[in-house]
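To convert a position in the sequence shown, counted from 1, into the numbering used here, add 322. Heads up, the beta-carbon is just placed ideally off N, CA and C, and yes, glycines get one too. Just so it is clear, the structure is predicted and the values come from calculations on it, not from any experiment. Shown next, in structure tokens, is the structure this report addresses.
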Amino acid sequence: MYENIDEVEFAEKFEADDNAVLLDVRTQQEWDSGYIKGAIMLDFFNPEFPKEVEKLDKSKNYYIYCRSGNRSGQACGLMEGMGFDGELYNLEGGIMSWTGDLEY
């Protein structure tokens with residue numbers, strides 16, 4: 323089962339995790355307004371999203387965020403249903419709760 327975690331725990335766990343992937347599930351326009359360094363983008367609203375997720379390494383731990391935490395929570399649920407073995411973490415409050423630096 324995926325876990326909703328706050329910004330501090332999200333950052334700490336990700337930093338210490340050697341098996342981590344940071345996944346941004348926002349749109350391209352949202353991505354262009356700033357993203358967390360090291361993230362890869364897969365647009366949750368893209369009809370190909372499930373096919374793209376299927377290509378990901380299911381043994382990795384995924385740290386997932388969106389704008390507010392809603393889409394990323396849905397993405398976590400989808401990934402659970404697809405048999406992802408690693409840990410799944412949803413950033414509670416999404417990037418709107420992020421106080422760290424952003425890349426552009």
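Inset, instruction - Could you have a look at residue 410 and say whether DSSP puts it in helix, strand or coil? - result: strand
Legend entry - CA-to-CA distance, residue 376 to residue 404, given in whole angstroms: 8 Å
Legend entry - CB contact flag (residue 344, residue 385, <7 Å): yes
Legend entry - Which of helix, strand or coil DSSP assigns to residue 323: coil
Legend entry - Span separating the alpha-carbon of residue 327 from that of residue 416: 10 Å
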